[in-house]
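Undergrad: One structure is given below, represented as C-alpha cells, and several questions about it will come after.
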Amino acid sequence: MLNGLWLGFFVVAAVSALGQWLIGGNAGIFAAMVESIFAMAKLSVEVMVLLFGTLTLWLGFLRIAEKAGIVEWLAKVLGPLFLRLMPEVPAGHPALGLITLNFAANGLGLDNAATPIGLKAMKALQELNPSSTIASNAQILFLVLNASSLTLLPVTIFMYRAQQGAPDPTLVFLPILLATSCSTIVGFLSVAFMQRLRVWDPVVLAYLIPGALILGGFMALLATMSATALAGLSSILGNLTLFGLIMLFLMIGALRKVKVYEAFVEGAKEGFDVAKNLLPYLVAMLCAIGVLRASGALDFGLDGIRHLVEWAGWDTRFVDALPTAMVKPFSGSAARAMLIETMKTSGVDSFPALVAATIQGSTETTFYVLAVYFGAVGIQRARHAVGCALLAELAGVLGAIGVCYWFFG
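If you count the sequence shown from 1, you need to add 7 to reach my numbering.
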C-alpha cells in the first residue's frame with residue numbers, strides 16, 4: 008500500500024509537470040521539482056534532530072513511570088472496565104498491562120513508541136484467540152481504540168510546531184483533546200454496537216459517566232469564552248499539563264525509591280533507537296510530497312475541492328489542510344510530511360496549518376495499524392474492525408475542522 012502511494016506521488020507529479028511544460032510552456036518546472044527534492048531532504052534532517060530529542064525525552068520519563076508502578080496502578084484501576092469490555096481476557100493477564108502501557112504511550116502522543124508495545128499486546132491477545140486467522144472481539148476493540156488516536160498530550164505535534172518556529176507550540180492542545188475525544192467516543196460506541204457490549208453495565212457506567220460529565224462540563228465552560236481566551240487557555244493548559252506530568256513521574260518515582268536518573272537514561276536509549284529508524288521514511292515522504300507540490304498537482308487538486316466547497320456555500324480555509332487528512336489513514340510518515348509541508352507553505356500559525364496539526368493529532372493511520380497489528384499475529388479476517396476504525400477516523404477529521412473553526416475561525 009505504501010509502495011503504491013509513494014510511487015503514485017511521483018507519477019502524478021511527473022504527469023502534471025509534463026502538462027505544464029508541453030501545454031503551459033513552463034520549462035522551469037523541472038528545475039523547481041529537483042530543487043524541492045533537495046530542500047525537503049534537508050528539512051527532513053532538521054525535523055529529525057528535534058524528533059530525536061523529543062522521543063528520547065518522553066520515553067525516558069515513561070520508563071520512570073513504568074518503574075514507579077504508575078502503569079501497573081493504571082492497569083489495576085482499569086481492570087474492572089477491561090473485564091466488562093474484554094470478557095475473554097482473564098483478570099491479571101499480561102495483555103492488560105501491555106494495553107495500558109500502549110494507551111499511555113499513545114496518550115502522550117508517542118505513536119512511534121506505542122507501536123512496539125501495541126504489537127506485544129496484540130500477540131498476548133492472540134494467545135487467547137481460539138482462531139488463528141479471525142480477529143477476536145478483544146483484538147478488534149483494542150485496535151479500534153488505537154485507530155481512534157487516544158492522544159491526550161500530543162508532544163510530537165508540539166515538537167513539529169516548535170521546529171517550524173511557532174511562538175507557542177502548545178496552542179493546539181485543547182483542539183486536539185476535543186477532536187480526539189470525538190474519534191475515540193465514536194470508535195468505542197461503534198465497536199460496542201457491533202459486539203453488543205454491555206455499555207449499560209453499572210461498572211462500565213461508573214467509568215464512562217464521570218468522564219462524560221467532565222468533558223461535557225468542560226465544553227460548556229469553553230462555550231462561554233471568546234476565541235482569544237480559548238487560545239490562551241489552550242496554551243496555559245498545554246504547558247501546565249506537560250510540566251505537571253513530568254513532575255508527577257519524578258516525584259512518584261522518587262517516593263518509590265526509583266533511581267530516576269538511571270531509569271530515564273535506560274528509557275532514553277530506547278527512544279534513540281526508535282527515532283533513528285524514522286529518518287529514511289521521513290526523507291522518502293517529504294521528498295515525494297515536495298515534488299507533488301512543486302509540480303502543481305497538489306494545488307490543482309486542492310483548487311478543485313475548493314471550488315466544490317465554494318459551490319456549496321461553505322468557508323474554504325480548511326481545504327489546504329485536507330492533504331494531511333487524506334493520507335493519514337494510509338501512512339503516518341506521509342501525513343507527518345504533509346503537515347510539515349503545510350506549515351512551511353502556509354505559515355505555522357495559519358488556519359490551514361492549525362487544522363492540519365489538529366487532524367494529525369486526533370486521527371490515526373488506520374490501514375497501517377490494521378496491516379501491522381493484525382499482520383503481526385496472522386489475522387486475515389478483520390470482521391468489523393475496518394468499518395469501525397474508519398468511522399472513528401472520519402469523526403476525528405470532522406471534529407478537528409469544527410473545533411478549529413470554534414477556536415481559531
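Glycine is no exception: its CB is placed at the ideal position from the N, C-alpha and C atoms.
Given the structure is predicted, the values throughout are model-derived calculations rather than measurements.
Any idea what DSSP makes of I347, helix, strand or coil?
TA: I347: helix per DSSP, three-state reduction.
Undergrad: Is the separation between the beta-carbon of R70 and that of G274 shorter than 8 Å?
TA: In contact: R70 and G274 (Cβ atoms closer than 8 Å).
Undergrad: Count the CB pairs spanning the segment 168 to 175 and the segment 372 to 389 that are closer than 8 Å, and state whether there are at least three.
TA: Touching, no, given that fewer than three Cβ pairs across the two stretches are closer than 8 Å.
Undergrad: What residue range is occupied by the uninterrupted alpha helix (DSSP H) comprising W413?
TA: Segment A392 to F415, the alpha helix (DSSP H) holding W413.
Undergrad: Name the DSSP bridge partner or partners of I141?
TA: For I141, which the question treats as bridged, DSSP gives the partners R388.
Undergrad: Please go through the same chain and pick out, in chain order, the residues whose beta-carbon is closer than 7 Å to the beta-carbon of N246, but skip the five residues on each side of it.
TA: Answer for N246: T177, listed in chain order.
Undergrad: In chain order, what residues of the same chain lie with their CB nearer than 7 Å to the CB of R324, ignoring the 5 residues before and after it?
TA: F358 and P359, listed in sequence order.
Undergrad: Going by DSSP in three states, D356 sits in which element: helix, strand or coil?
TA: Coil.
Undergrad: Quick check on the burial criterion: 16 or more other C-beta atoms within 10 angstroms. Buried or exposed for I296?
TA: Per the 10 Å Cβ criterion, buried.
Undergrad: Taking the C-alpha atoms as reference points, what is the distance between G406 and T370?
TA: Roughly 10 Å between the two C-alpha positions.
Undergrad: Is the Cβ-Cβ distance between A145 and M93 less than 8 Å?
TA: Cβ atoms of A145 and M93: closer than 8 Å.
Undergrad: Give every residue of the same chain whose Cβ lies closer than 6 Å to the Cβ of A363, excluding the five residues on either side of it in the sequence, and list them in chain order.
TA: Correct list, in chain order: A328, T331, L346 and T349.
Undergrad: Could you compute how far the alpha carbon of L418 sits from the alpha carbon of S190?
TA: There is no way to answer for residue 418, as the model of the chain reaches only from 8 to 416.
Undergrad: In the structure shown, what three-state DSSP assignment does A34 receive?
TA: A34 falls in the coil class under three-state DSSP.
Undergrad: Taking three-plus beta-carbon pairs below 8 Å as touching, is the segment 195 to 209 in contact with the segment 258 to 273?
TA: Touching, no, given that fewer than three Cβ pairs across the two stretches are closer than 8 Å.
Undergrad: Determine the direct distance from the alpha carbon of Q27 to that of N33, and round the result to whole angstroms.
TA: Approximately 6 Å between the Cα atoms of the pair.
Undergrad: For the alpha helix (DSSP H) that contains V193, what are its first and last residues?
TA: Per DSSP, V193 belongs to the alpha helix (DSSP H) from F180 to Q202.
Undergrad: On the criterion of 16 or more Cβ atoms from any shown chain inside 10 Å, does W65 qualify as buried, or is it exposed?
TA: Buried.
Undergrad: Nearest by alpha-carbon distance to V355: which of P336, L305 and I164 is it?
TA: Closest option to V355, Cα to Cα, is I164.
Undergrad: Take the Cβ of E42 as the centre, count every other Cβ of all protein chains shown within 10 Å, and call the residue buried at 16 or more, exposed below.
TA: E42 is exposed by the Cβ-count criterion.
Undergrad: Determine the burial state of K49: buried for a count of at least 16 other Cβ atoms within 10 Å of its Cβ, exposed for fewer.
TA: Classification for K49: exposed.
Undergrad: Cβ atoms of I106 and F149: under 8 Å apart, would you say?
TA: Contact flag set, yes.
Undergrad: With D306 as the anchor, note down where its alpha helix (DSSP H) starts and where it stops.
TA: Note, D306: alpha helix (DSSP H), A304 to W318.
Undergrad: Write down the C-beta distance between T187 and L157 rounded to the nearest angstrom, noting that I regard them as a contact closer than 8 Å.
TA: With 8 Å as the limit, T187 and L157 qualify as a contact, their Cβ atoms being about 7 Å apart.
Undergrad: Check for me: the alpha helix (DSSP H) holding T107 runs from which residue to which?
TA: Start and end: P101 to G114.
Undergrad: May I ask you to report which of helix, strand or coil DSSP gives A173?
TA: Here A173 sits in coil by DSSP.
Undergrad: Is L170 buried or exposed, if buried means 16 or more other CB atoms sit within 10 Å of its CB?
TA: Strictly speaking, residue 170 in this sequence is Gln, with Leu absent from that position. Buried, because 16 or more other Cβ atoms sit within 10 Å of the Cβ of Q170.
Undergrad: Considering M333, what are the terminal residues of the alpha helix (DSSP H) in which it resides?
TA: Note, M333: alpha helix (DSSP H), L329 to V334.
Undergrad: Between H391 and M129, how many whole angstroms is the CB-CB distance? I'm expecting something under 8 Å.
TA: Not really, about 17 Å apart at Cβ, beyond 8 Å.
Undergrad: Does K266 come out as helix, strand or coil in the three-state DSSP assignment?
TA: DSSP places K266 in coil when its eight states are reduced to three.
Undergrad: For the 8 Å Cβ check, are there 3 or more pairs between the segment 95 to 113 and the segment 124 to 141?
TA: Counting Cβ pairs under 8 Å, three or more are found: they touch.
Undergrad: Just the C-alpha distance for A342 and G239, rounded to the nearest angstrom, thanks.
TA: The alpha-carbon atoms of A342 and G239 are separated by roughly 27 Å.
Undergrad: Between A82 and G104, is the Cβ-Cβ spacing less than 8 Å?
TA: Yes, Cβ-Cβ distance for A82 and G104 is below 8 Å.
Undergrad: Is it buried or exposed for H100, if we count other Cβ within 10 angstroms and need 16 for buried?
TA: Buried, by the Cβ-count rule.
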